[in-house]
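Protein chains in written order, with my numbering: chain A, 193 to 455; chain B, 26 to 371.
In this text, a Cβ means the ideal position worked out from N, Cα and C, and glycines have one as well.
Here the structure comes first, spelled out in structure tokens, and everything after it is commentary.
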């Protein structure tokens with residue numbers, strides 16, 4: 193069996209243009225309240241995922257360990273801080289507001305939504321869930337007309353560059369109100385951060401190393417603005433026969449079958 | 026020989042009737058003598074009381090919140106602290122299996138579900154919703170079916186034509202297909218009709234949907250009975266004596282068909298509970314974090330091989346309740362119309 197960390201993340205995009213998540217403290221509260229270990233457990237356990245707080249997954253260009261939303265803030269997530277989350281909800285003045293958690297209707301996503309609903313209720317919101325057919329979920333939650341406040345989402349790399357996560361998911365140009373094609377689920381558009389993203393995109397052509405350092409800073413800034421609550425980075429599992437040799441895994445293409453031999 | 030109908034309750038030929046006993050008293054007496062029906066009534070009472078005591082069990086015995094995920098929680102089994110949802114340590118070490126039944130009412134009597142919630146507490150809370158939805162939907166069905174059946178059967182003509190065709194339209198759809206379609210549409214959008222506004226997670230939605238789709242199944246036989254009653258001598262006599270239409274409807278028609286509605290009620294309650302369970306199993310009935318027996322079966326679907334109790338417990342609860350309701354319903358029918366039993370009609 194081969195277990196390989198994937199350059200991907202599961203997260204809860206929060207709509208920064210709709211109450212209660214148009215309030216930074218409300219978004220921070222969700223981040224502090226989420227028990228990433230519980231989310232990992234729903235996904236299949238520590239052999240299949242690792243808790244995370246930030247956008248860029250481990251092992252990805254520009255990734256630098258960062259986790260402010262934990263009992264002992266630092267580089268790694270350790271435990272939820274419910275007391276702080278409840279305090280933030282109180283300070284935000286959003287306590288008691290209704291929140292609907294959207295998810296696709298498969299078992300794992302729905303279980304994640306039920307868990308999120310439970311967390312939201314525990315910090316003072318009145319949460320409900322709306323599981324939607326997987327056939328329409330992805331476009332439905334993108335359209336601002338559907339007024340989706342928070343949903344269960346996942347993103348797997350398209351290409352090995354930080355822009356695939358940070359710019360695609362949180363850049364101003366990815367937000368198209370009223371369109372089914374608005375991959376910036378949170379509707380997050382922070383002009384100074386967006387300007388830095390443009391700078392990093394340009395820099396990546398001439399100086400990839402400097403660009404990655406800049407992306408690490410952007411990752412930290414986006415994480416601090418909390419347009420999402422990151423849950424975990426998934427791992428990939430390949431179960432092969434003992435007779436299989438030269439197992440090679442690419443983060444882009446996964447198991448490179450053409451490199452493998454069978455005895 | 027046939028019996029005589031008095032206030033809708035039929036007295037069987039040859040049956041000993043105590044002097045001064047009202048037809049309803051006779052029906053109660055017959056029902057009390059039906060031992061199987063009485064046993065089932067007792068079972069129903071136990072189920073209802075147990076479900077009503079759900080908060081008592083959850084808060085004072087199990088000390089748990091059955092609507093709160095508890096994936097990282099612990100409990101005590103045989104004096105040891107154990108995780109409620111321990112990660113798998115066998116095979117490939119993937120996934121996690123919630124604890125099974127401990128048979129200790131204070132610590133996860135029937136085990137936990139995949140969110141770490143107490144199955145026993147959810148079973149009781151779920152029973153409340155299942156019984157509430159079943160009862161309310163059966164009341165809606167019987168009430169509107171009786172009204173429609175009486176109006177269509179008594180007035181006939183265009184009104185009967187319109188109402189009967191309306192019932193035909195509803196009847197033309199397979200019940201589950203209609204209920205699933207209505208649930209799917211109404212659960213994705215809130216329902217608003219004048220001052221009546223229902224949120225998508227409201228329990229009133231499954232109640233209304235289930236209540237409405239079964240109206241034709243009760244209204245049809247009631248309409249048929251009214252068609253027969255309106256030609257009976259006592260109705261014609263009342264009309265001949267100048268009784269108003271509403272007085273005839275109230276005193277002569279409604280009182281004679283109400284027994285049919287009463288007989289239908291427990292049977293519809295059983296059917297409504299089954300429908301609710303089916304809709305909730307398909308995620309279009311009761312919405313999380315609320316529970317019903319159907320949603321708990323759905324929760325247990327993924328645990329059938331490892332923790333079958335999660336799905337079996339509500340399954341058994343549904344089976345026992347529906348059996349009790351059906352047997353009690355038969356007993357009520359026999360009590361209100363002993364001729365059917367004497368004729369061997371079931």
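Backbone secondary structure at residue i - three-state DSSP
| i | result |
| --- | --- |
| residue 420 (chain A) | strand |
| residue 85 (chain B) | helix |
| residue 442 (chain A) | strand |
| residue 360 (chain A) | helix |
| residue 204 (chain A) | strand |
| residue 143 (chain B) | strand |
| residue 157 (chain B) | helix |
| residue 179 (chain B) | helix |
| residue 345 (chain A) | strand |
| residue 428 (chain A) | strand |
| residue 189 (chain B) | helix |
| residue 339 (chain B) | helix |
| residue 67 (chain B) | helix |
| residue 319 (chain B) | helix |
| residue 234 (chain A) | helix |
| residue 508 (chain A) | Residue numbering for chain A in the displayed model covers 193 to 455; residue 508 (chain A) lies beyond these limits and cannot be assessed. |
| residue 52 (chain B) | helix |
CB-CB length for residue i against residue j, believed under 8 Å
| i | j | result |
| --- | --- | --- |
| residue 281 (chain A) | residue 218 (chain A) | 6 Å |
| residue 379 (chain A) | residue 207 (chain A) | 6 Å |
| residue 417 (chain A) | residue 376 (chain A) | Not quite, the Cβ-Cβ distance comes to about 13 Å (not below 8 Å), so this is no contact. |
| residue 203 (chain A) | residue 389 (chain A) | Not really, about 18 Å apart at Cβ, beyond 8 Å. |
| residue 291 (chain B) | residue 151 (chain B) | Going by Cβ atoms, the distance from residue 291 (chain B) to residue 151 (chain B) rounds to 20 Å, so no, they are not a contact pair. |
| residue 311 (chain A) | residue 225 (chain A) | 5 Å |
| residue 79 (chain B) | residue 149 (chain B) | 4 Å |
With 16 other Cβ atoms within 10 Å as the buried cut-off, status of residue i
| i | result |
| --- | --- |
| residue 314 (chain B) | buried |
| residue 197 (chain B) | exposed |
| residue 233 (chain A) | buried |
| residue 318 (chain B) | buried |
| residue 85 (chain B) | exposed |
| residue 153 (chain B) | buried |
| residue 128 (chain B) | exposed |
| residue 384 (chain A) | exposed |
| residue 132 (chain B) | buried |
| residue 304 (chain A) | buried |
| residue 193 (chain A) | exposed |
| residue 302 (chain A) | buried |
| residue 290 (chain A) | exposed |
| residue 434 (chain A) | exposed |
| residue 352 (chain B) | buried |
| residue 228 (chain A) | buried |
| residue 147 (chain B) | buried |
| residue 299 (chain B) | buried |
| residue 306 (chain B) | buried |
| residue 322 (chain A) | buried |
Partner residues on chain B for residue i, Cβ-Cβ distance less than 9 Å
| i | result |
| --- | --- |
| residue 238 (chain A) | 112, 118 |
| residue 193 (chain A) | 117 |
Proximal residues to residue i (C-beta, below 8 Å), its chain only, five neighbours per side dropped
| i | result |
| --- | --- |
| residue 230 (chain B) | 208, 211, 212, 216, 223 |
| residue 115 (chain B) | none |
| residue 72 (chain B) | 152, 156, 342, 345, 346, 349 |
| residue 328 (chain B) | 122, 123, 138, 139, 335, 336 |
| residue 427 (chain A) | 195, 196, 197, 198, 239, 240, 241, 242 |
Chain A residues whose Cβ lies nearer than 9 Å to that of residue i
| i | result |
| --- | --- |
| residue 121 (chain B) | 233, 234, 236, 237 |
| residue 225 (chain B) | 292, 320, 322 |
Cβ-based neighbour list, residue i, same chain, cut-off 6 Å, excluding 5 preceding and 5 following
| i | result |
| --- | --- |
| residue 443 (chain A) | 199 |
| residue 392 (chain A) | 403, 406, 407 |
| residue 254 (chain A) | 248, 354, 404, 407, 408 |
| residue 278 (chain A) | 315 |
| residue 313 (chain A) | 319 |
| residue 454 (chain A) | 435, 436 |
7 Å CB neighbourhood of residue i in its chain, flanking five on each side removed
| i | result |
| --- | --- |
| residue 263 (chain A) | 270, 271, 273 |
| residue 324 (chain B) | 138, 139, 335 |
| residue 167 (chain B) | 243, 286, 289, 290, 293 |
| residue 332 (chain A) | 324, 338 |
| residue 329 (chain A) | 296 |
Neighbouring residues, chain A, relative to residue i (Cβ below 7 Å)
| i | result |
| --- | --- |
| residue 313 (chain B) | 306, 309, 321 |
| residue 308 (chain B) | 297, 323 |
Partners in chain A for residue i, counting only beta-carbon separations shorter than 8 Å
| i | result |
| --- | --- |
| residue 327 (chain B) | 299 |
| residue 139 (chain B) | 234, 303 |
8 Å Cβ cut-off: residues of chain B touching residue i
| i | result |
| --- | --- |
| residue 314 (chain A) | 93 |
| residue 227 (chain A) | 96, 97 |
8 Å Cβ cut-off: residues of chain E touching residue i
| i | result |
| --- | --- |
| residue 230 (chain A) | The chain labelled as chain E is not found among the protein chains of the depicted structure, namely A and B. |
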